[in-house]
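Residue numbers for the sequence shown follow our numbering, beginning at 51 and rising by one. Each residue gets a CB set at the ideal place from its N, CA and C atoms; glycine is no exception. Predicted model only: the values in this text are computed from it and were never measured. Notes follow the structure.
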Amino acid sequence: MSQPALVQLRFLKPLEKYQNEKPYWLFVGKPDGVDMTNVTLEAVSGIPIHDVRGEEQNYELDKHGFQFISHGLNFEAFHDDQRIEREYLPQVEEMILKNIPYAKKVFVFNWRLRKQMGEEQMNSPVSPAQIQDKNYVFAPSQTVHSDATEFTLLKRVRKHLPEEADHLLKGRVQMINFWRPIYHEVRNWPLVVCDGRSTPLEKLVAVDQIGRRFVGDLYYATYHPGYKWYYQNSMGVDEGVLFKCWDTGNKASSKVCLHSSCDMPKDMLPEVYDPRLSIECRALVFSAAEDSG
């Protein structure tokens, strides 16, 4: 493995107020006198991230919380949200079933496009209207997080699969995110993922996300020097990564995969490169309670 890159990541600042006041984001019209968020972040520099290029086979979803893959998907119409839902998402579901052999059912409930932007846009808050707009393209996330708590994972099952929920929740349930580049390889602002075995669960802090269509929470993380971070250099359009947002199983080595994106050191980038464009799909993955995890 080559020498790691040293990058900056953002973490939830461990303020005393969070002992009594839950962090939150409002993605609806806010009442008078109420802030859109009470979240305070801190940037930590000099964090090593390790390139898995050439060693992708050494990282496993249940062991590390993530798995780098060559996906073989055949779709390019990412400008058309209806075709994404009609043609692309079924392919993603089949691909996840193929890569998680013990999975019995997969349901993709959410997808988002992201692109590299200028510094001002990257740091601008997202409005309620943009959250609801499927065609709105988000900036890469710069905050270390996981996409769901167990509470939100189970709530998602009941929201999206109400007729089957009682039966499905008797088994193991995971929320899996599939992330990949589109149109060209990613050189800057890659996805970085954290080995779940290096993540103390006490470093996770639930943060409410209050929207018009769904109210749930996700995990932010406070800084810990023991986190082990990985990325794939120059990830191509035929490559991607599966990673855990949360896993209700108790046998796997990793229940969760913290992730973020980062601005790569300038000396590791070519003079000219295409800005990052990516798509992520969040899926509910169901398996028997007695499976290998």
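Excluding the 5 residues flanking it on each side, L319 has same chain C-beta neighbours closer than 7 Å at R237 and N238, in chain order. Separation of the CB atoms of D313 and K278 is rounded to 20 Å, and the pair is thereby denied contact status at 8 Å. Shown here for T272: same chain residues with a beta carbon closer than 8 Å to its own, the five before and five after excluded, namely F61, L62, K63, P64, K253 and V255 in chain order. Taken through DSSP and simplified to helix, strand or coil, T202 comes out as helix. CA-CA distance, E321 to A55, rounds to 18 Å. Cα atoms of V78 and V257: separation of roughly 16 Å, rounded to the nearest angstrom. When beta bridges are read from the DSSP output, A256 appears opposite Y269.
Under DSSP, the beta-bridge partners assigned to C331 are W161 and F228. With a cutoff of 9 Å on beta-carbon distance, I134 and A333 are scored as not near each other. Using a Cβ distance threshold of 9 Å, S304 and R247 count as a contacting pair.
Taking a cut-off of 8 Å on C-beta distances, the segment 122-142 does not touch the segment 292-303, as fewer than three cross pairs fall below it. DSSP lists Y281 as the bridge partner or partners of D101.
Taken atom to atom, the span from the alpha-carbon of N149 to that of A339 is near 19 Å. If you ignore the 5 residues before and after I97, its C-beta comes within less than 6 Å of the C-beta of V57 and L59, all in its own chain and listed in chain order. Shown here for P240: same chain residues with a beta carbon closer than 8 Å to its own, the five before and five after excluded, namely Y281, Q282, N283, M285, S311, C312, M314 and R326 in chain order.
Straight-line measurement puts the Cα of E144 at about 39 Å from the Cα of S95. The C-alpha of F118 is placed about 6 Å away from the C-alpha of E106.
By the CB criterion at 9 Å, L91 and T193 fall inside the cutoff. In this structure, F228 and C331 form a Cβ contact; the two beta carbons are roughly 5 Å apart against a cut-off of 8 Å.
When DSSP states are grouped into helix, strand and coil, D297 belongs to the strand group. Here the C-alpha atom of S337 lies approximately 15 Å from the C-alpha atom of L211. Only residues of its own chain outside the window of five on either side were considered, and among them V255 have a CB closer than 7 Å to the CB of Y68, listed in chain order. Look at the segment 84-143 and you find these whole runs of beta strand (DSSP E), each 3 residues long or longer: 91-101 and 116-120. Exposed is the label assigned to A93, since fewer than 16 other Cβ atoms lie within 10 Å of its Cβ. Rounded to whole angstroms, the Cβ separation of Y269 and S196 is 4 Å, and the two are in contact under 8 Å. Distances from the alpha-carbon of S120 to those of Q166, K220, M225 and V142 put V142 closest.
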